[in-house]
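Presented below is the structure to which this report refers.
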Amino acid sequence: MSRLRLPRGPLRTLLLLLPLVLLAVCGCVYIARSLPQNANHVLDPNAYFTGPGLALARAVDHLDTRRIDQLVREQGLDPNTVFDRSGRPLLAWPVLTANPKGLKLLLDAGASPNVRGQAGTAAAFESALVPAAERSDPDYLTELLMRGGDPNTRNAEGQPLLYVAFKHGRWTNVQHLILSGANQDTVLDGADHYDTVLSWYARSGRFDRLYWLLEHGGDPTLRMHDLEGARLLGTAQSNDGRMPIVEDAFYRDVPEAMRDWQRACQAWLLDKGIGRPPMPPTLRPRQRDTLPSDQEAGPGSIAL
Numbered sequence: 097m098s099r100l101r102l103p104r105g106p107l108r109t110l111l112l113l114l115p116l117v118l119l120a121v122c123g124c125v126y127i128a129r130s131l132p133q134n135a136n137h138v139l140d141p142n143a144y145f146t147g148p149g150l151a152l153a154r155a156v157d158h159l160d161t162r163r164i165d166q167l168v169r170e171q172g173l174d175p176n177t178v179f180d181r182s183g184r185p186l187l188a189w190p191v192l193t194a195n196p197k198g199l200k201l202l203l204d205a206g207a208s209p210n211v212r213g214q215a216g217t218a219a220a221f222e223s224a225l226v227p228a229a230e231r232s233d234p235d236y237l238t239e240l241l242m243r244g245g246d247p248n249t250r251n252a253e254g255q256p257l258l259y260v261a262f263k264h265g266r267w268t269n270v271q272h273l274i275l276s277g278a279n280q281d282t283v284l285d286g287a288d289h290y291d292t293v294l295s296w297y298a299r300s301g302r303f304d305r306l307y308w309l310l311e312h313g314g315d316p317t318l319r320m321h322d323l324e325g326a327r328l329l330g331t332a333q334s335n336d337g338r339m340p341i342v343e344d345a346f347y348r349d350v351p352e353a354m355r356d357w358q359r360a361c362q363a364w365l366l367d368k369g370i371g372r373p374p375m376p377p378t379l380r381p382r383q384r385d386t387l388p389s390d391q392e393a394g395p396g397s398i399a400l
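Residues in the sequence shown are numbered consecutively from 97, following the numbering used here.
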């Protein structure tokens, strides 16, 4: 019987590699099928937990309510005393692994949204609220806030949750934090007395969001203060007393899509007796040449 002769050249190489490709594809399919239904993450609890904490983390991954009850209620394992190798609390695990059902199971088992570690890496000093504020899905943060999470928590860098959500572009999370009691007038840096969530959105030209914040109690009149010994202290160029949020509402140049919202913010301010301030001295010379005088409206201003 004659042997099958393979063609020479690239086609021969392709035919020889075909069985290996098929095996690799089959292996990937097998691995994917062997994961639990809820496993949409690749983090392995073995790399993060040990002992009873590992058993509890696995139970949370597999949504094993019976095993969680056995560990917590029968064996007395307190989920608030379980931390991963870096010192991060167990409740952060289902947030990091995108497991909302597991998060609820841990909360039902007595885990506190406000628990944070006392040692380890910087992340150890953050409660589960911090990674929840970073997520695009607001359900994690909402669940933690509904279970008693502190909306005024700060991350390991001392930044409030409002800023954590803001810098990750999570406007819905910002709203949920404020509706849950977050202080809008908390400053990012103690040296900048005006640097609040209103300032962040005003600087970025998002006057639609600034209007919402104004309607929900944010203070736009927070003022700048010159530091003692500052070069401009007592001069005409001094920043002392300026209200940057109000200045942005009247003078910041924004895209056409934001003009109506900027005018709405101006109307809100005027209605509250907050008048148009002088043109800020920080405006670039080019803008000074093109903008109206201090007594006139800035770009996008409403007519008095």
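Glycine included, every Cβ here is placed at the ideal spot set by N, Cα and C.
Remember, it's a predicted structure, so these values are computed and weren't measured experimentally.
Assign residue i to one of three DSSP states: helix, strand, or coil.
i      : result
ALA145 : The displayed chain sequence assigns Phe, not Ala, to residue 145. The answer is coil: DSSP assigns PHE145 none of H, G, I, E or B.
PRO373 : coil
VAL125 : Here the model assigns VAL125 a pLDDT of 34, short of 50, so the residue's position is not dependable, and the following value carries that caveat. Correct three-state label for VAL125: helix.
Quick one: measure Cβ to Cβ for residue i and residue j, integer angstroms, because I've assumed they're closer than 8 Å.
i      : j      : result
GLY337 : ARG319 : 5 Å
VAL293 : GLY277 : Their Cβ separation, rounded to whole angstroms, is 14 Å, which puts VAL293 and GLY277 out of contact at 8 Å.
LEU258 : LEU273 : 6 Å
Looking at the unbroken alpha helix (DSSP H) that takes in residue i, where does it start and where does it end?
i      : result
THR268 : 267-275
ARG184 : Here ARG184 belongs to no alpha helix (DSSP H), and DSSP marks it neither H nor E.
GLU253 : Element bounds for GLU253: n/a, residue is neither H nor E.
GLY198 : 196-204
GLU343 : 340-347
TYR297 : 293-299
In its own chain, which residues sit with a C-beta less than 6 Å from the C-beta of residue i, not counting the 5 before and 5 after it?
i      : result
ARG372 : PHE346
HIS264 : GLU230
ASP246 : ASN210
Who are the Cβ neighbours of residue i in its own chain at under 7 Å, not counting the five residues just before and after it?
i      : result
PRO340 : TYR290, SER295 and MET320
ASN251 : GLU222, VAL226 and VAL260
THR161 : LEU201
SER232 : ARG266
Residue i and residue j: beta carbons closer than 8 Å?
i      : j      : result
TYR144 : ASP174 : no
ALA224 : VAL270 : no
TRP267 : ARG305 : yes
PRO404 : GLY244 : Any question about residue 404 goes unanswered here, given that the chain covers just 97 to 400.
LEU187 : ILE164 : no
ALA228 : VAL168 : no
TRP357 : PHE303 : yes
Taking only heavy atoms of the ligand ADP into account, decide whether any of them is closer than 7 Å to the Cβ of residue i.
i      : result
ARG243 : Questions concerning the ligand ADP fall outside what the structure shown contains, since it holds no ligand whatsoever.
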